[in-house]
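Chains as they are written, first to last, in the numbering used here: chain Z, 1 to 437; chain S, 1001 to 1437. Positions of the beta carbon are idealized from the N, C-alpha and C atoms, including for glycine. Worksheet for the structure shown next.
Rendered as structure tokens:
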């Protein structure tokens, strides 16, 4: 029986993480991890939950954008949407008036992600499956019908995408079993935020090693001498065989990136993440070329705003690790396009996570990537940050530094009602208290 | 005596242009030309006016973003801002929390443009000069200090930018006199919007030829047979020696663009504008390369969201005409960077205009480009659309298809109070009437 979406509500939910420098980096020195949180309801009493991640001020703008998109969603049935999901995606991203303020970038794309994440959550719940399983079980032609190929056919045609998915049907069931048993490999960013003291970094690193972590990411880019000290410290802590990655969060110009990272090469980082502007495809290509002889790759994507940008990063050999984000791109639909392009260009996908809910969401996508697209774990791992999971109904399960596949139906977006209530900005109790009210 | 900005107000002002298909193109079929309109006031009773252009729905999101930026502006003195304009620019574009929802793109960048346009208007008024003259009279070092060079130093260093400006000091006074006498060459887009009938197109074309216009732009991209008919018709109307340009407003994929434009080559367009996604630098480069043998250039820029994107379009030889926009980029500050890069890469600048107020604003920038940067009119012209000028205090003056330099102090952004009142959305009289209230 078709069910119609009759209501969409959106909330501005913020966590005061800046108080303890959690999440601090060279460009975001005082983030308050936040979400624009969307709930859709159907006439049959089902809910879908979606969100997009933000870092504090400006969340109200994304909320405003979600409200603007709401009119395109409310009144539609789930069946109508998923029977032509490509068309529905384009309805949201190519509205003849609203596309001017994007198109497919910034605030309006973040809002699109929040809304469509809720639709995917609803779809997975209505099928009684976790999202990754909904995707893994879906017919390749149906998957393809969710993707808007506009502007990417010069890199990937529908037929090529279909061929990739059909080919990966082989061995799928074994990979499902493997994931259910072992989980998907993860790395941790929790040990070395820029605002943490050396003392705290050491303590967190020791704890992480004891918990079985083998791959570690350090924030760099504010001060070179500081970075040398911190990279040296963490390399000593983790030893020569564990993996180190460094992340500059867009701090440098192109030439500066090359010089700076060359100075850190002796600590053997696997990648330098976001060395410069997230828009600078040709700059990343120049950096990739310069660092290749040092054995250092370039990773980027958490602020890469759409499939057209990822297409070019791949065409230009501008990255060696694709970092998809579940809330920056236009939800599952656009991420499917990027996973398939990355496979065609033979570049591993290592998702961005952390924030609020990004780990909960993106684990579904990377499980699908392994099971139904890449069939490989070489040079692949998913970011993990140990924050704010307690606010979710179905938080991630990490075992021995691996993401264990979610079992609850949906996209793992649902937050605890109390968490949403107390953290609403500015009227929630947490914020009233901080403002001395 | 320093003056402090004590108030910022912003309004959602919309014109129901979709009723008559003014402004219709292949991707924006029903635009209601609109602005987020900003007024700043100082403690000495001066005002500055700024705006950014939108096409209807979603303007309220940009208004919300302007309100979020307001806290960074109110309380600052004009003197404090212009003594370190680069720093102030970065304060707005790199706020540690708000940059996440950009950075420097989409809604937040449009809002930045509106706010900074008002600051530049205030500055020019306080000096008693039209903005173009403020820029032309400004010391090159001071001009440079307004530009954020972050992420573009691999294409243009501060020293190179300074050298360009110093070199162009020669002959500056003659060029000022020439502009005051002859004006800056323009082309018209008013004759051939996609929604216009052949009958209307013919009539408007005849009128325009009688008024001295020699350069015409036609919207294409929805239907090839239609385009052939319309291009043939307009080429017949204007004859072989006048200039024709075509504009697809992002309708095609890369391969499709090449095929389609090749079919229109016999009508000898000077350029194809926005053949594909505004984000697709490498795609535009491929199209440029394919169309060069046909003598057709590629023009783009009205939805190019920042200097990092323009840098790459230039580096990749992906465009042959740079179309700056006064309200998409971060105001005068970022446009200065693009004008200087275009000069270095020897690519002519032909601004995007039309909409609401875009002609009023961008004429200042292109006058500055000719007088103080390029010193050339080769292959250069500024778009003109004959709509909605009557709502401005100092509307553009067109004589013999040339923009005559504005004489009133400021950036020509001020709208008539009555126009703002009656077109406010949704509470203005015009909208109440349309909604049958």
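Look at residue 138 of chain Z here: in three-state DSSP terms it is coil, with no helix or strand label.
Residue environment: residue 1390 of chain S is assigned as exposed (fewer than 16 neighbouring CB atoms within 10 Å of its CB, all protein chains considered). Fewer than three beta-carbon pairs drawn from the region 1048 to 1064 of chain S and the region 401 to 418 of chain Z are found closer than 8 Å, and the two stretches are therefore not classed as touching.
Rounded to whole angstroms, the separation of the alpha carbons of residue 340 of chain Z and residue 262 of chain Z is 32 Å. With respect to chain S, the C-beta atom of residue 146 of chain Z has no partner C-beta closer than 7 Å. Residue 1167 of chain S has a beta carbon lying at 7 Å or more from every beta carbon in chain Z. Per DSSP, residue 383 of chain Z lies in no alpha helix (DSSP H) segment; the continuous beta strand (DSSP E) that holds it begins and ends at 382 to 384.
Secondary structure of residue 1091 of chain S (DSSP, three-state): helix. Of the candidates S:1119, S:1057 and S:1422, the residue whose Cα lies closest to the Cα of residue 1079 of chain S is S:1119.
In the DSSP annotation of this structure, the continuous segment of the alpha helix (DSSP H) that includes residue 1288 of chain S starts and ends at 1281 to 1291.
The C-alpha of residue 1107 of chain S lies about 6 Å from the C-alpha of residue 101 of chain Z. Nearest CB-CB separation between residue 352 of chain Z and chain S: not below the 7 Å threshold. Spatial neighbours of residue 1285 of chain S in its own chain (CB-CB distance under 7 Å, excluding positions within 5 residues in sequence) are listed in chain order as 1316, 1317 and 1318.
For residue 57 of chain Z, the secondary structure class from DSSP, reduced to helix, strand or coil, is coil. Using a CB distance below 7 Å, the part of the region 1259 to 1283 of chain S facing chain Z consists of 1276, 1277, 1279, 1280, 1281, 1282 and 1283, ordered along the chain. Annotated three-state conformation of residue 1321 of chain S is strand, per DSSP. Residue 1415 of chain S carries a strand assignment under DSSP once its states are collapsed to helix, strand and coil. Under the DSSP assignment, residue 402 of chain Z falls in the beta strand (DSSP E) whose first and last residues are 402 to 404.
Nearest CB-CB separation between residue 1118 of chain S and chain Z: not below the 7 Å threshold. A contact between stretches requires three or more CB pairs, one per stretch, nearer than 8 Å, and the region 1150 to 1158 of chain S fails this requirement with the region 1064 to 1080 of chain S.
DSSP, reduced to helix, strand and coil, places residue 79 of chain Z within a helical segment of the structure shown. Distances from the CA of residue 412 of chain Z to each of Z:437, Z:252 and Z:362 were compared; the closest alpha carbon is that of Z:362.
DSSP places residue 274 of chain Z in the coil class of the three-state scheme, outside both helix and strand. Look at residue 1028 of chain S: its C-beta is under 7 Å from a C-beta on chain Z.
Beyond the five residues adjoining it in sequence on each side, residue 1237 of chain S comes within less than 6 Å, by CB distance, of 1205 in the same chain, given in chain order. The criterion of a C-beta distance shorter than 7 Å is not satisfied by residue 266 of chain Z and residue 299 of chain Z. Residue 26 of chain Z carries a coil assignment under DSSP once its states are collapsed to helix, strand and coil. DSSP places residue 216 of chain Z inside the beta strand (DSSP E), whose first and last residues are 215 to 219.
Comparing alpha-carbon positions, the option among S:1434, S:1414, S:1398 and S:1429 lying closest to residue 1124 of chain S turns out to be S:1414. Under the criterion of beta carbons closer than 8 Å, residue 69 of chain Z and residue 92 of chain Z qualify as touching, at roughly 6 Å.
Here residue 1050 of chain S carries a strand assignment [DSSP, helix/strand/coil]. Going by beta carbons, residue 1012 of chain S and residue 1060 of chain S fall inside the 7 Å limit. Within the region 97 to 108 of chain Z, the residues whose Cβ lies closer than 9 Å to any Cβ of chain S are, in chain order, 97, 98, 99, 100, 101, 102, 103, 104, 105, 106, 107 and 108. Contact between the region 1186 to 1204 of chain S and the region 1379 to 1397 of chain S is present: 3 or more CB-CB pairs across the two stretches fall below 8 Å. Between the region 13 to 28 of chain Z and the region 420 to 434 of chain Z, the count of Cβ pairs shorter than 8 Å is three or higher; the stretches touch.
As the crow flies, the alpha-carbon of residue 34 of chain Z is around 17 Å from that of residue 1103 of chain S.
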